[in-house]
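K.L.:
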Amino acid sequence: MEERCYRNEFKHIISQAARASLSSRLNRILEMDENSKGKPYIIKSLYFDSLYDEALKEKIDGAPSREKFRIRYYNQDLSFIRLEKKVKEGSKGYKLSARLTKDEAVSIMKGSIGFLRDKKDPLLLDFYVKARTKFLKPKSIVIYEREAYTFRPGNVRVTLDYNIRTSRDVSDFFSDDLPMIEDGEGKCVLEVKFDNFLPELIRDLVQVNETMSTSNSKYMAGRLMWG
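For the sequence shown, the tail end lands on 227 under full-length UniProt numbering, and the numbers increase by one without skipping.
1. On the three-state DSSP scale, how would you describe residue 83?
2. Are there three or more Cβ pairs, one per stretch, closer than 8 Å when the stretch 119 to 132 is compared with the stretch 91 to 110?
3. Would you call the stretch 193 to 200 and the stretch 29 to 38 in contact, with 3 or more CB pairs under 8 Å?
4. Taking only three categories from DSSP, how would you classify residue 122?
5. How would you call residue 182, buried or exposed, if buried means at least 16 neighbouring beta carbons within 10 angstroms?
6. Name, in chain order, the residues that DSSP records as bridge partners for residue 149.
7. Leaving out five residues on either side along the sequence, give the residues of the same chain with a beta carbon under 8 Å from the beta carbon of residue 106.
8. Please classify residue 179: is it buried, with 16 or more other beta-carbons within 10 angstroms of its beta-carbon, or exposed?
9. Going along the chain, which residues of its own chain have a beta-carbon closer than 6 Å to the beta-carbon of residue 157, five neighbours each way excluded?
10. Rounded to whole angstroms, what's the CA-CA distance from residue 146 to residue 159? Just pull it up for me.
11. Taking residue 15 as the reference, which of 168, 223 and 164 has the closest Cα?
12. Near residue 78, which residues of its chain fall below 6 Å by C-beta distance, leaving aside the five closest residues on each side in sequence?
13. Can you tell me whether DSSP reads residue 224 as helix, strand or coil?
14. May I ask you to report which of helix, strand or coil DSSP gives residue 105?
15. Where does the unbroken beta strand (DSSP E) through residue 70 begin, and where does it stop?
16. Compute the Euclidean distance between the alpha carbons of residue 109 and residue 140, then round it to the nearest angstrom.
17. Can you give the Cα-Cα distance for residue 50 and residue 29, rounded to whole angstroms?
18. Based on the DSSP secondary-structure assignment, which residues constitute the bridge partners of residue 208?
19. Nearest chain C C-beta to residue 67 closer than 8 Å, yes or no?
20. Between residue 6 and the ligand MG, is there a pair consisting of the residue's CB and a ligand heavy atom that are separated by less than 7 Å?
21. Measuring straight from C-alpha to C-alpha, what distance separates residue 191 and residue 127?
Rendered as structure tokens:
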């Protein structure tokens with residue numbers, strides 16, 4: 001498990017037209033991050049919540065401190081699956097992750113988590129305790145495409161997430177044929193993450209006239225799409 005690295009994070013909702021314009025601008029000046037390999041990539045996440053949907057309710061209520069667990073993989077590559085915990089404390093947050101095999105991920109999805117007691121990774125042990133005490137269960141799948149850029153000064157990462165879809169068929173997380181609900185508004189989520197300062201160049205680059213700040217998470221948005 002990585003060390004805690006607190007980072008600032010700004011989120012904005014923009015249209016697909018603004019995304020295309022911004023993408024063109026970013027592509028001329030910034031480097032795409034190493035995960036991109038020069039093109040967007042697909043992120044697929046399975047979110048967990050407690051018996052009483054504490055993570056969802058805390059997000060809706062705007063609780064200053066909150067956390068959520070998810071299993072995530074990229075571009076349908078089952079050789080690199082991670083359990084992640086994302087923690088938000090005020091305006092900053094951090095993310096921790098631990099590798100899982102597909103069999104381990106399937107066991108966790110089915111609630112067979114006894115094997116986690118023998119793991120040495122603190123995150124896996126933390127998930128085990130929370131799953132037992134808060135009755136964590138898989139609640140929602142979210143899939144989207146990401147275009148990601150980096151800028152070394154300030155350790156900045158700019159991402160454009162779009163084609164956002166969600167599913168409640170959590171048992172079929174690894175299936176390529178999931179029934180999905182698409183975001184009917186066709187929105188794009190612009191995220192800007194940085195350590196201690198945001199360079200003026202990046203501030204200027206990400207400005208679009210229609211930008212609307214938001215605190216909505218993809219997990220919350222996905223859950224609310226289903227009503």
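Think of the CB as a built atom: it goes at the ideal place given N, C-alpha and C, for glycine as much as any other residue.
P.N.:
Answer, in terms of the structure:
1. Working through the sequence shown from its first residue, we reach residue 83 at position 83. In this structure, residue 83 counts as strand in the three-state DSSP scheme.
2. They touch, by the three-pair rule.
3. Segments in contact, no.
4. On the sequence shown, residue 122 is found 122 positions in, with the first residue counted as 1. Helix.
5. In the sequence shown, residue 182 corresponds to position 182, counting from 1. Sixteen is the threshold: since fewer than 16 other Cβ atoms of the shown chains lie within 10 Å of the Cβ of residue 182, the residue is exposed.
6. As a position in the sequence shown, residue 149 is number 149, starting the count at 1. 32 and 158, per the DSSP bridge assignment.
7. Working through the sequence shown from its first residue, we reach residue 106 at position 106. Setting aside the 5 residues that flank it on each side, residue 106 is surrounded in the same chain by 174, each with a C-beta closer than 8 Å to its C-beta; the list follows chain order.
8. Your numbering for residue 179 matches position 179 in the sequence shown. Under this definition residue 179 is an exposed residue.
9. As a first step, residue 157 is located in the sequence shown; it is residue number 157 there, counting from the start. The residues are 150 and 193.
10. In the sequence shown, counting from the first residue as 1, residue 146 sits at position 146. In the sequence shown, counting from the first residue as 1, residue 159 sits at position 159. Answer to the nearest angstrom: the Cα atoms are 7 Å apart.
11. Along the sequence shown, one-based indexing puts residue 15 at 15. The closest CA to that of residue 15, considering only 168, 223 and 164, is found on 164.
12. The count along the sequence shown starts at 1 and reaches residue 78 at position 78. Setting aside the 5 residues that flank it on each side, residue 78 is surrounded in the same chain by 102, each with a C-beta closer than 6 Å to its C-beta; the list follows chain order.
13. Your numbering for residue 224 matches position 224 in the sequence shown. When secondary structure is reduced to three states using DSSP, residue 224 falls in the helix class.
14. Position 105 of the sequence shown, counted from the start, is the residue given in the question as residue 105. Reduced to three states, the DSSP call for residue 105 is helix.
15. By 1-based counting over the sequence shown, the position of residue 70 is 70. Looking at the DSSP string, the run of the beta strand (DSSP E) that includes residue 70 is 65 to 74.
16. As a working note, residue 109 is residue 109 in the sequence shown. As a working note, residue 140 is residue 140 in the sequence shown. Answer to the nearest angstrom: the Cα atoms are 11 Å apart.
17. Position 50 of the sequence shown holds residue 50. Position 29 of the sequence shown holds residue 29. Straight-line Cα distance between these residues: approximately 43 Å.
18. Locating residue 208 in the sequence shown gives position 208, where the first residue counts as 1. In DSSP, residue 208 forms no bridge with anything.
19. Protein chain content of the structure displayed is limited to a single chain, and chain C is not contained in it.
20. Here there are no bound small molecules, and the ligand MG is not part of this structure.
21. For the purposes of this step, residue 191 is identified with residue 191 of the sequence shown, where counting begins at 1. For the purposes of this step, residue 127 is identified with residue 127 of the sequence shown, where counting begins at 1. Annotation: residue 191 to residue 127 spans about 26 Å, alpha carbon to alpha carbon.
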